[in-house]
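Student: Note that the protein sequences, when read in sequence, are chains P and H. Numbers 21 to 410, taken from the numbering used here, label the letters of the first sequence in order. Numbers 21 to 410, taken from the numbering used here, label the letters of the second sequence in order. Ideal placement from N, C-alpha and C gives every residue a C-beta, glycine not left out.
2 protein chains.
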Amino acid sequence: MSFANSLGRVLKENIYADRDFPPFNRVSMDGIAISHRVFEEGQRVYKVEGIQAAGSEQMTLSNTQNCIEVMTGAVLPENANVVIPYEQTVIENGIAKVSITEVSHFKNIHKKGKDKMQGDLIISKNTLISSAEIGILATVGKSTVKVAKNPKVMIVSTGDELVEVNQTPKDFQIRRSNVHTLVSLLKRKGIESKTTHITDNKEILKQKIKGFLEDYDVLLFSGAVSKGKFDFVPEVLEELGVEKLFHKVAQRPGKPFWFGGIATSVLSEQDVKNREKNNTIVFAFPGNPISTFINCLAYFYPWYQKSVGLKLNEVTAILSEDVIFKPNLTYFLHVKLSYKFGHLIATPIRGNGSGDLASLIDADAFIQLPNDQDEFKKGEVFPILSYRSF
Amino acid sequence: MSFANSLGRVLKENIYADRDFPPFNRVSMDGIAISHRVFEEGQRVYKVEGIQAAGSEQMTLSNTQNCIEVMTGAVLPENANVVIPYEQTVIENGIAKVSITEVSHFKNIHKKGKDKMQGDLIISKNTLISSAEIGILATVGKSTVKVAKNPKVMIVSTGDELVEVNQTPKDFQIRRSNVHTLVSLLKRKGIESKTTHITDNKEILKQKIKGFLEDYDVLLFSGAVSKGKFDFVPEVLEELGVEKLFHKVAQRPGKPFWFGGIATSVLSEQDVKNREKNNTIVFAFPGNPISTFINCLAYFYPWYQKSVGLKLNEVTAILSEDVIFKPNLTYFLHVKLSYKFGHLIATPIRGNGSGDLASLIDADAFIQLPNDQDEFKKGEVFPILSYRSF
């Protein structure tokens with residue numbers, strides 16, 4: 021893809037220096053270029069032979085008793101090996117007088133090849149591309165770059181109680197919000213996705229999912245994964261040969277949760293050959309807004325990071341107060357984050373349970389409290405899943 | 021704008037609850053809904069009257085000795101006030117037998133208005149919109165929202181030594197990289213920008229800038245701000261009536277730096293009436309890649325944050341080793357960031373000065389060391405400017 025569009029993508033090739041950096045002895049201050057030997061011999065007055073502009077071919081100092089005016093970014097003239105900045109020079113009638121008495125060899129010159137030599141590795145494969153990498157790609161002339169392919173994602177909402185955002189729900193209805201949350205959580209990682217809604221009807225669900233398994237790399241479901249009469253998703257996925265990897269994670273919020281891939285047993289020989297293509301990953305999250313939100317951060321994000329070749333960076337924070345949580349479940353607690361003296365502090369925000377999307381507004385992240393502990397003390401450190409950027 | 025496109029923008033209106041949240045007594049577990057009073061009286065066997073699905077109108081438990089099967093997300097039936105989950109119930113031939121002996125009033129029911137009451141403020145004006153806000157906007161039916169207008173930005177490179185990224189530079193030339201770095205640094209904040217290159221000719225520069233001052237909210241220059249013979253930018257801006265706010269900041273790298281706005285003295289009466297529109301902000305950065313990079317993080321970012329109404333969040337980190345820097349300048353030192361036990365640790369990376377863009381690859385941020393100190397000790401805390409997200 022064009023390097024200019026690659027911000028936030030993962031580089032899939034090594035990037036090498038196409039020439040030395042700097043590619044020439046580069047002037048790094050505006051001033052005059054002279055011979056260091058002549059300066060050392062005590063000469064402080066120089067006749068100006070000409071001006072070496074940035075972007076012009078290298079000039080030659082024909083008489084080393086003289087000087088050439090040089091601009092930042094210009095090539096150092098032949099026979100010169102030190103630059104005295106204008107701030108330390110007075111130029112009148114074509115004569116430059118230098119006001120300093122000491123200067124080191126190659127001062128104010130960025131020497132050819134000092135940063136990198138031609139052929140040096142500059143950016144490694146599997147680097148997440150930031151603005152720094154964009155600048156380097158431009159510098160070495162990589163106008164197109166190989167990046168990790170993003171998965172084709174379909175996000176499916178279920179639940180007959182849902183109406184569209186621009187509709188007015190009846191008393192027993194609510195608006196469809198989880199798909200929008202998921203789309204934006206994916207967009208934050210640079211992943212585009214499509215969305216659809218399927219009515220709580222097993223046959224329709226099965227038919228649609230069958231098509232999606234052929235066309236998409238990832239399916240994300242919100243709702244219909246629990247024990248309800250109309251929770252057909254796990255059943256339909258199993259009937260379609262999607263291997264259940266786990267269901268019901270011991271965590272709060274977000275207990276029922278389904279995750280799968282395509283089972284090889286139901287694949288034809290041809291399918292097996294195309295396995296990578298057909299190996300759709302399914303994440304089926306509960307319909308509760310907070311559960312869906314946490315599960316996306318806790319399961320989809322790390323899966324995605326690994327799939328594009330990124331290392332997982334665990335971020336930890338310090339609890340600002342004691343927390344007690346007795347059930348034998350991993351507990352994702354809403355926290356507000358703050359940086360104080362280089363410490364990342366997590367202050368618990370008490371929500372009203374897994375339906376309370378509004379509590380997310382006051383928080384920045386979830387802190388992940390492990391199930392083998394009941395009491396979590398002020399000052400203890402745990403991993404966090406943040407949904408805001410700092 | 022459409023709420024679905026508002027991720028990363030700054031909200032410019034308060035968002036209120038359009039109804040109670042939850043809008044009805046919402047069932048939060050699949051199971052049976054019964055009368056708490058009847059349960060307390062010792063009854064453990066209930067005839068099933070029907071099924072209350074999510075998205076269906078509220079049913080009524082006609083006989084409080086009976087039960088109604090209820091699905092997560094459904095309205096709690098009239099006359100019921102507790103839900104026993106399927107996990108604690110056996111249903112055979114239309115009769116549900118409950119296996120527990122204690123349950124509290126309204127257990128497994130998310131009560132109407134518990135999270136928010138109709139009319140409550142949910143999201144305040146000037147909030148940076150994350151996925152959490154997207155979910156809330158969907159929930160309350162705000163299909164379109166007011167967000168801060170992003171500035172119209174033109175990024176101008178100067179310097180005749182520059183060639184395009186897809187060209188092969190001659191020995192004395194380099195590729196144009198700073199504009200691409202700046203475009204991506206702005207994109208990271210959700211700001212689109214245009215770019216152009218102007219040759220080192222004062223008249224052409226003046227004519228072009230004049231037009232840009234009329235058409236853009238922000239101009240960013242890279243190069244031509246120093247003391248060189250072809251460094252016309254500060255001169256031209258002054259001639260065009262752009263008020264110089266400061267030039268040459270005492271910092272390394274990135275010393276020459278120009279920042280301005282339009283001086284009211286050169287505005288016509290009509291212009292003054294339209295002042296907000298004409299009040300173009302100019303940031304003119306030096307041509308060195310690192311200087312441009314730092315100046316964008318240190319000056320443009322905070323200006324932008326303030327202009328859209330966001331508070332500035334200072335992030336600080338802990339130095340991992342001693343640093344000595346004697347010049348009386350603010351020193352922006354490349355650092356690698358890591359989170360250890362809730363501490364944000366900044367490990368210095370030694371670059372080769374302001375031309376060495378490659379050193380950015382090994383680092384994540386700059387740590388800002390103040391000018392009133394010469395020695396910076398391991399364990400001391402200073403602000404950081406990060407260009408990677410964690």
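Thinking C-alpha only, which one of Tyr407(P), Asp251(P), Ile301(P), His217(P) is nearest Met236(P)?
Tutor: It is Tyr, not Met, that sits at residue 236(P) in the sequence shown. Among Tyr407(P), Asp251(P), Ile301(P), His217(P), the Cα nearest to that of Tyr236(P) belongs to Ile301(P).
Student: Within the 9 Å Cβ cut-off, does Lys134(P) reach chain H?
Tutor: For Lys134(P), the answer is yes, since a Cβ of chain H falls inside 9 Å of its Cβ.
Student: Hey, is the region 149 to 156 of chain P in contact with the region 180 to 191 of chain P, meaning 3+ C-beta pairs nearer than 8 Å?
Tutor: The region 149 to 156 of chain P is not in contact with the region 180 to 191 of chain P.
Student: For a contact defined as C-beta to C-beta under 7 Å, what are the partners of Pro309(P) on chain H?
Tutor: Simply Gly155.
Student: So, does the CB of Thr188(P) fall closer than 9 Å to a CB anywhere in chain H?
Tutor: True, the Cβ-Cβ gap to chain H drops below 9 Å.
Student: Assuming Gln78(H) contacts Val95(H) under a Cβ cut-off of 8 Å, what Cβ separation, rounded to an integer in Å, is found between them?
Tutor: Rounded, the Cβ-Cβ distance is 4 Å, consistent with contact.
Student: Compare the beta carbon distance of Ala318(H) and Leu405(H) with 9 Å and say whether it is the shorter of the two.
Tutor: Closer than 9 Å, so yes.
Student: Consult DSSP for His130(P) and reduce its assignment to one of helix, strand or coil.
Tutor: DSSP places His130(P) in strand when its eight states are reduced to three.
Student: Would you tell me roughly how many angstroms separate the C-alpha atoms of Leu206(P) and Lys222(H), rounded to the nearest one?
Tutor: Going by the C-alpha atoms only, they are around 47 Å apart.
Student: Please list, in chain order, all residues of the same chain as Ser358(H) whose beta carbon is under 6 Å from its beta carbon, the five residues on each side excluded.
Tutor: Excluding residues within five positions, the ones whose Cβ falls inside 6 Å are Ile365.
Student: Just to confirm the assignment: which complete alpha helix (DSSP H) runs, minimum length 4, are found wholly within the region 154 to 212 of chain H?
Tutor: Entirely contained in the region 154 to 212 of chain H, the alpha helix (DSSP H) runs reaching 4 residues are, in chain order, 198 to 207.
Student: Output, in chain order, the set of chain H residues within a Cβ distance shorter than 7 Å of Ile142(P).
Tutor: Neighbours of Ile142(P) on chain H, chain order: Ala378, Ile381.
Student: Do Leu353(H) and Phe303(H) have their C-beta atoms closer together than 9 Å?
Tutor: No, Cβ-Cβ distance for Leu353(H) and Phe303(H) is not below 9 Å.
Student: Measuring alpha carbon to alpha carbon, tell me which of Arg272(P), Lys249(P), Val203(P), Pro368(P) ends up nearest Gly239(P).
Tutor: Residue identity check: residue 239(P) is Leu in the sequence provided, not Gly. Selected option, being the one with the closest Cα: Val203(P).
Student: Using a C-beta to C-beta distance shorter than 8 Å, which residues of chain H count as neighbours of Thr159(P)?
Tutor: Within chain H, the residues near Thr159(P) are Ile194, Arg195, Ser197, Pro309, Leu377.
Student: Is there at least one Cβ from chain P nearer than 9 Å to Val335(H)'s Cβ?
Tutor: Val335(H) counts as touching chain P.
Student: Give me, in chain order, the residues of the same chain whose beta-carbon lies closer than 8 Å to that of Ile344(P); leave out the 5 immediate sequence neighbours on both sides.
Tutor: Result list for Ile344(P): Asp394, Glu395, Phe396, in chain order.
Student: Go through its chain and collect everything with a Cβ distance to His217(P)'s Cβ below 6 Å, but skip five positions before and after it.
Tutor: Once the five neighbours on either side are set aside, the close Cβ partners of His217(P) are Ser177.
Student: Just the chain H side, please: which residues come within less than 9 Å of Gln78(P) by C-beta, in chain order?
Tutor: The answer, in chain order, is Asp191, Phe192.
Student: Against chain P, does Lys214(H) count as a neighbour if the rule is that its beta carbon must be under 9 Å from one of theirs?
Tutor: No, Lys214(H) does not count as interfacial toward chain P.
Student: Terminal residues of the continuous beta strand (DSSP E) containing His354(P)?
Tutor: Note, His354(P): beta strand (DSSP E), 350 to 360.
Student: Do you know offhand how far Pro105(H)'s Cα is from Lys132(H)'s?
Tutor: Looking at the two C-alpha atoms, the distance is approximately 20 Å.
Student: Taking DSSP as the reference, what is the three-state secondary structure of Val328(P)?
Tutor: Three-state result, Val328(P): coil.
Student: Measuring alpha carbon to alpha carbon, tell me which of Asp392(H), Ile338(H), Ser76(H), Cys87(H) ends up nearest Lys360(H).
Tutor: If we check each option's Cα against that of Lys360(H), Ile338(H) comes out closest.
Student: Taking Cβ positions only, does Glu89(H) come closer than 9 Å to chain P?
Tutor: Glu89(H) counts as touching chain P.
Student: Terminal residues of the continuous beta strand (DSSP E) containing Ser406(P)?
Tutor: Run containing Ser406(P): 401 to 406, per the beta strand (DSSP E) assignment.
Student: Can you list the residues of chain P that Arg370(H) reaches, using a CB-CB cut of under 9 Å?
Tutor: What Arg370(H) touches in chain P: nothing, since even the nearest Cβ is about 12 Å away.
Student: Decide if Ser124(H) is buried, meaning its Cβ has at least 16 other Cβ atoms within 10 Å, or exposed.
Tutor: Exposed.
Student: Closer than 6 Å by C-beta to Arg272(P): which residues in its own chain qualify, once you throw out the five before and the five after it? Chain order, please.
Tutor: Counting only Cβ-Cβ distances below 6 Å, and skipping sequence neighbours, we find Leu349, Tyr351.
Student: What does a CB cutoff of less than 6 Å around Phe241(H) pick up in its chain, not counting 5 residues either side in sequence?
Tutor: The residues are Val176, Val253, Ala304.
Student: Could you tell me if Asn86(H) is buried or exposed, where buried requires 16 or more neighbouring beta carbons within 10 angstroms of its beta carbon?
Tutor: By the neighbour-count rule (16 or more Cβ atoms within 10 Å), Asn86(H) is buried.
Student: Would you decide whether Ala270(P) is buried or exposed? Buried here means 16 or more other CB atoms lie within 10 Å of its CB.
Tutor: Looking at its Cβ environment, which holds fewer than 16 other Cβ atoms inside 10 Å, Ala270(P) is exposed.
Student: How big is the Cα-Cα spacing for Gly231(P) and Glu212(H)?
Tutor: For Gly231(P) and Glu212(H), the distance between alpha carbons rounds to 37 Å.
Student: Could you pull out every residue in the same chain whose Cβ sits closer than 6 Å to the Cβ of Val13(P), ignoring the five residues on either side in sequence?
Tutor: Because chain P is modelled from 21 through 410, residue 13(P) falls outside the range shown and cannot be assessed.
Student: What residue from Lys162(P), Gly210(P), Lys166(P) has the CA that sits closest to Lys172(P)'s CA?
Tutor: Of Lys162(P), Gly210(P), Lys166(P), the residue nearest in Cα terms is Gly210(P).
Student: Going straight from the alpha carbon of His130(H) to that of Ala74(H), what length do you get?
Tutor: Looking at the two C-alpha atoms, the distance is approximately 14 Å.
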